[in-house]
Amino acid sequence: MIEIEVGPEGIRLGQLLKYAGAVDTGGEAKALLESGEVEVNGEVETRRGRQLGPGDEVRVHDRRWRLV
Numbered sequence: 000m001i002e003i004e005v006g007p008e009g010i011r012l013g014q015l016l017k018y019a020g021a022v023d024t025g026g027e028a029k030a031l032l033e034s035g036e037v038e039v040n041g042e043v044e045t046r047r048g049r050q051l052g053p054g055d056e057v058r059v060h061d062r063r064w065r066l067v
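Residues 0 to 67 (numbering that gives the first Met the number 0) make up the sequence shown, in order.
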């Protein structure tokens, strides 16, 4: 699991996927989310604009990130 530091304002899920290198573009993020292959805190998430903050965990296939 990789830890990613975010400020108290957090980060949106689509931005995180790009920042972490899971996708290159917003369009790719949208397609990945629509496929049902992204989990936030153990539950499938399809909203690219979902606000994330410290303590949230994101998983895509075998890659995992924890926000701190």
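The beta carbon of each residue, even a glycine, is placed where N, CA and C say it ideally should be.
* With DSSP as the reference, please indicate the residues paired to Glu42 in a beta bridge. => The count along the sequence shown starts at 1 and reaches residue 42 at position 43. As DSSP reads the structure, Glu42 sits in a beta bridge with Val39.
* Asked: If you compare alpha carbons, which of Pro53, Gly13, Ile3 and Tyr18 is closest to Leu32?
  -> Working through the sequence shown from its first residue, we reach residue 32 at position 33. Minimum Cα distance to Leu32 is reached at Gly13.
* Asked: Candidates Gly26, Ala21 and Lys29: which alpha carbon is nearest Val57's?
  -> By one-based count along the sequence shown, residue 57 stands at place 58. For Val57, the nearest C-alpha among the options comes from Ala21.
* Glu27: first and last residue of the uninterrupted beta strand (DSSP E) it sits in -> Numbered from 1 along the sequence shown, position 28 holds the residue referred to as residue 27. It is not in any beta strand (DSSP E) - Glu27 instead sits in the alpha helix (DSSP H) that spans Gly25 to Glu33.
* To do: Measure the C-alpha to C-alpha separation of Arg46 and Leu15 and round it to an integer number of angstroms.
  => The residue labelled residue 46 in the question sits at position 47 within the sequence shown. The residue labelled residue 15 in the question sits at position 16 within the sequence shown. One C-alpha to the other measures close to 12 Å.
* To do: Would you mind sorting Ala28 into buried or exposed? The rule is 16 or more other CB atoms within 10 Å of its CB.
  => Working through the sequence shown from its first residue, we reach residue 28 at position 29. The residue is buried, with at least 16 neighbouring Cβ atoms inside 10 Å.
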